[in-house]
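*Asks:*
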Amino acid sequence: MKARSIYWVAQLSGWFAYGGLLLFSVIGRGEVLDFEVSVSIASWVVVGIALTHLQRYVFIRLGWLDRKLSQLVPRLIVSSGITATIIYSILLFIDYLVKGDDLDWERLTFSLFIVSVAFMGFLILFWNAIYFTFHFFQKSRKQEVSNLELTASNRESELKNLRSQLNPHFLFNSLNSIRALVDIEPAKAKTSITTLSNLLRQSLMMGKENMVTVEQELDMVRNYLDLEKIRFEERLQVQWEIDDTLLSRDIPPFSVQMMAENAVKHGISNRKEGGEVIVSTLKTDDGFTLQITNSGKLGTSVDLGVGIQNIKQRLQLQFGERAEYSLNQVGENVVAKIEFRDERV
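Sequential numbering from 1220 applies to the sequence shown in our numbering.
Right, here's the structure in full:
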């Protein structure tokens, strides 16, 4: 059964059960179940259903379902008091409409009003406790499923990325480029071997992590692009536009690396004159953006599509709606970026 269906079954069952308790209470006290009493009981049920449902709508609109318990409790106490006051006022008005001048106004003292609202407040608070307990239980189950999917996705992603980054073709090109430097520029060849070694080590280590820092990811991207510059020489120009305040932020491993690979593989390598790759980190009003810009035209190759789907899937599992990947043609350049939005407090 879907969560929405469960909610309505529980909502209607709970309030009708409460109406049943009121009915048995009236009968137990030996009171006559006349029209006025029947309307009063029915009003409790109908108004209770309507106002608690409206309260739930407000919770969702204000984002309370995503708040921490320490932030939620005081809000629920205040909300329960307000809702209880509104419910009791509506019930009192209905009572007046039914009884008219026969309504015993002398009984409606301020102390009775406070006691009645307090009772209703505890009832609404109990409703809220049940609702949020169910919500957190559902959220916990979904998170557990997401974690299992994330683990499987990370393992698959690790294998895909290792095959992509450390495949024999890439190693062959890198080693050939380094070999060509051995006699001409031995110092540069030695540096390149160190860079390749660092890239291998970083890929193996980061492939085991669910999250890495922007700094760690960019270090690996830098090593990758340094090696590609050996192969492409002057055909590959790299520019870095990095906001140092974002280096400690957490992101999925290989996310920028995969964008950089796509930029070189599908952009620079297809251009006889080569081009430029710009690696950028940008702070935004509600988060930050990681961006790779490369010279070239946006393609539709299968390999590129698989890479994009890989990024999108991992972002969805780890960040939900708080992260979004996009790939667009902007003038003479292709811009790939991941926009991260901070979790609302």
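No residue lacks a Cβ here, since even glycine has one placed at the ideal position from N, Cα and C.
According to the Cβ coordinates, are L1242 and I1260 closer than 8 Å?
*Replies:* By one-based count along the sequence shown, residue 1242 stands at place 23. By one-based count along the sequence shown, residue 1260 stands at place 41. A contact, by the Cβ cut-off of 8 Å.
*Asks:* So, S1474 versus E1436, is the Cβ gap smaller than 8 Å?
*Replies:* Reading the sequence shown from its first residue, position 255 is the one you call residue 1474. Reading the sequence shown from its first residue, position 217 is the one you call residue 1436. For S1474 and E1436, yes; Cβs fall inside 8 Å.
*Asks:* Enumerate in chain order the residues of its own chain whose CB-to-CB distance from V1266 is below 8 Å, with the five nearest sequence positions on each side excluded.
*Replies:* If you number the sequence shown from 1, residue 1266 lands on position 47. Same-chain partners within the cutoff: I1306, I1309, L1310, I1313.
*Asks:* Whose C-alpha, out of D1469, I1301, A1236, S1244, is nearest the C-alpha of V1277?
*Replies:* What you label residue 1277 is simply residue 58 of the sequence shown in a count that begins at 1. Here the closest residue by C-alpha is I1301.
*Asks:* Leaving out the 5 sequence neighbours to the left and right, which residues in its chain are closer than 8 Å to T1414 when beta-carbon positions are compared?
*Replies:* For the purposes of this step, residue 1414 is taken as residue 195 along the sequence shown, with counting starting at 1. N1442, D1445, L1446.
*Asks:* Tell me whether the beta-carbon of M1430 lies closer than 8 Å to the beta-carbon of M1439.
*Replies:* Within the sequence shown, the letter at position 211 stands for residue 1430. Within the sequence shown, the letter at position 220 stands for residue 1439. No, Cβ-Cβ distance for M1430 and M1439 is not below 8 Å.
*Asks:* Just the C-alpha distance for I1497 and I1511, rounded to the nearest angstrom, thanks.
*Replies:* Taking the sequence shown and counting its residues from 1, the one referred to as residue 1497 is at position 278. Taking the sequence shown and counting its residues from 1, the one referred to as residue 1511 is at position 292. About 6 Å.
*Asks:* Helix, strand or coil, according to DSSP, for E1558 in the structure here?
*Replies:* Position 339 of the sequence shown, counted from the start, is the residue given in the question as residue 1558. Three-state DSSP puts E1558 in a strand.
*Asks:* Specify the secondary structure class of D1469 as computed by DSSP and reduced to three states.
*Replies:* As a working note, residue 1469 is residue 250 in the sequence shown. Here D1469 sits in strand by DSSP.
*Asks:* For the alpha helix (DSSP H) that contains G1267, what are its first and last residues?
*Replies:* Numbered from its first residue, the sequence shown carries residue 1267 at position 48. Looking at the DSSP string, the run of the alpha helix (DSSP H) that includes G1267 is 1254-1281.
*Asks:* Any idea if L1534 is buried or exposed, counting beta-carbon neighbours within 10 angstroms, 16 or more meaning buried?
*Replies:* On the sequence shown, position 315 is the one that residue 1534 refers to. The residue in question, L1534, is buried, as its Cβ has 16 or more Cβ neighbours within 10 Å.
*Asks:* For my contact list, L1517 and Q1548 are in at a C-beta cut-off of 8 Å; report their separation, rounded to the angstrom.
*Replies:* Sequence index remark: in the sequence shown, residue 1517 carries index 298 (1-based). Sequence index remark: in the sequence shown, residue 1548 carries index 329 (1-based). About 4 Å separates the two Cβ atoms, so the contact holds.
*Asks:* Please classify K1484: does DSSP put it in a helix, a strand, or coil?
*Replies:* Here residue 1484 corresponds to residue number 265 of the sequence shown, with the count starting at 1. The answer is helix: DSSP assigns K1484 an H, G or I state.
*Asks:* Under 8 Å between the Cβ atoms of T1508 and I1557?
*Replies:* Within the sequence shown, residue 1508 is the residue found at index 289, counting from 1. Within the sequence shown, residue 1557 is the residue found at index 338, counting from 1. Taking 8 Å as the Cβ cut-off, T1508 and I1557 qualify as a contacting pair.
*Asks:* In whole angstroms, give me the CA-to-CA distance for D1561 and K1531.
*Replies:* Within the sequence shown, residue 1561 is the residue found at index 342, counting from 1. Within the sequence shown, residue 1531 is the residue found at index 312, counting from 1. About 18 Å.
*Asks:* With DSSP as the reference, identify every bridge partner of Y1544, one or two as the case may be.
*Replies:* Within the sequence shown, the letter at position 325 stands for residue 1544. Looking at the DSSP assignment, Y1544 forms a beta bridge with I1557.
*Asks:* Does DSSP classify I1497 as helix, strand or coil?
*Replies:* As a first step, residue 1497 must be located in the sequence shown, where it is residue number 278. Correct three-state label for I1497: strand.
*Asks:* Grouping DSSP H, G and I as helix and E and B as strand, with all else coil, what is T1414?
*Replies:* Counted from its first residue, the sequence shown places residue 1414 at position 195. Residue state, collapsed to three classes: helix.
*Asks:* Counting Cβ pairs, one atom from each stretch, are 3 or more of them under 8 Å apart for the region 1290-1301 and the region 1332-1349?
*Replies:* The region 1290-1301 is in contact with the region 1332-1349.
*Asks:* Compare the Cα-Cα distances from L1394 to each of Y1315, N1529, S1411 and report the closest residue.
*Replies:* Working through the sequence shown from its first residue, we reach residue 1394 at position 175. The candidate whose alpha carbon is nearest that of L1394 is S1411.
*Asks:* Find out if the Cβ-Cβ distance for the pair N1513, G1494 is shorter than 8 Å.
*Replies:* Looking up residue 1513 in the sequence shown gives position 294. Looking up residue 1494 in the sequence shown gives position 275. Cβ distance < 8 Å, so N1513 and G1494 count as in contact.
*Asks:* What distance in whole Å lies between the Cβ atoms of W1234 and V1264, which are believed to be in contact at a cut-off of 8 Å?
*Replies:* As a first step, residue 1264 is located in the sequence shown; it is residue number 45 there, counting from the start. As a first step, residue 1234 is located in the sequence shown; it is residue number 15 there, counting from the start. Right, their Cβ atoms sit about 5 Å apart.
*Asks:* Can you tell me whether Y1544 is buried or exposed, with buried defined as 16 or more other CB within 10 angstroms of its CB?
*Replies:* Taking the sequence shown and counting its residues from 1, the one referred to as residue 1544 is at position 325. Flag for Y1544 reads buried.
*Asks:* Under 8 Å Cβ to Cβ from I1268, same chain only, skipping five residues before and after it: list those, please.
*Replies:* The residue given as residue 1268 occupies position 49 in the sequence shown. Same-chain partners within the cutoff: Q1230, L1231, W1234.
*Asks:* Candidates D1285, F1332, R1398, E1250: which alpha carbon is nearest R1541's?
*Replies:* As a working mapping, residue 1541 is identified with position 322 in the sequence shown. The shortest Cα separation from R1541 among D1285, F1332, R1398, E1250 belongs to D1285.
*Asks:* Cβ of V1317 within 8 Å of Cβ of V1251?
*Replies:* In the sequence shown, the residue the question calls residue 1317 occupies position 98. In the sequence shown, the residue the question calls residue 1251 occupies position 32. No, the Cβ-Cβ distance between V1317 and V1251 is not below 8 Å.
*Asks:* Apart from the five residues on each side of it in sequence, which residues of its chain come closer than 7 Å, Cβ to Cβ, to L1385?
*Replies:* Indexing the sequence shown from 1 puts residue 1385 at position 166. The predicted position of L1385 is uncertain, since its pLDDT is 44 and thus under 50; a value taken from the coordinates is nonetheless stated next. The residues are L1419, S1422.
*Asks:* Within a Cβ cutoff of 6 Å, which residues of the same chain sit near L1367, ignoring the five residues on either side of it in sequence?
*Replies:* By one-based count along the sequence shown, residue 1367 stands at place 148. Result list for L1367: empty, nothing under 6 Å.
*Asks:* Comparing C-alpha positions only, which one of A1222, I1279, F1538, G1550 sits nearest to S1365?
*Replies:* On the sequence shown, residue 1365 is found 146 positions in, with the first residue counted as 1. Checking every option, the nearest Cα to that of S1365 belongs to F1538.
*Asks:* Quick check: the Cα distance between L1281 and E1551, rounded to an integer number of angstroms?
*Replies:* Numbered from 1 along the sequence shown, position 62 holds the residue referred to as residue 1281. Numbered from 1 along the sequence shown, position 332 holds the residue referred to as residue 1551. Near 42 Å, if we compare the C-alpha coordinates of E1551 and L1281.
*Asks:* Quick check on K1476: buried or exposed, where buried means 16 or more other Cβ atoms within 10 Å of its Cβ?
*Replies:* Looking up residue 1476 in the sequence shown gives position 257. Per the sequence presented here, residue 1476 reads as Gln, with Lys not at that position. Buried, since its Cβ has 16 or more Cβ neighbours within 10 Å.
*Asks:* What whole-angstrom Cβ distance do I1185 and I1527 have, given they're in contact under 8 Å?
*Replies:* Outside the displayed range of the chain (1220 to 1564) lies residue 1185, so it cannot be described from this structure.
*Asks:* Whole-angstrom Cβ separation of E1460 and S1499, contact assumed at under 8 Å?
*Replies:* Start at 1 with the first residue of the sequence shown, and residue 1460 comes out as number 241. Start at 1 with the first residue of the sequence shown, and residue 1499 comes out as number 280. E1460 to S1499, Cβ: 4 Å. Contact.
*Asks:* Quick check on the DSSP output: the beta strand (DSSP E) that includes T1328 runs from which residue to which?
*Replies:* Locating residue 1328 in the sequence shown gives position 109, where the first residue counts as 1. Neither: T1328 is in no beta strand (DSSP E) and is coded neither H nor E.
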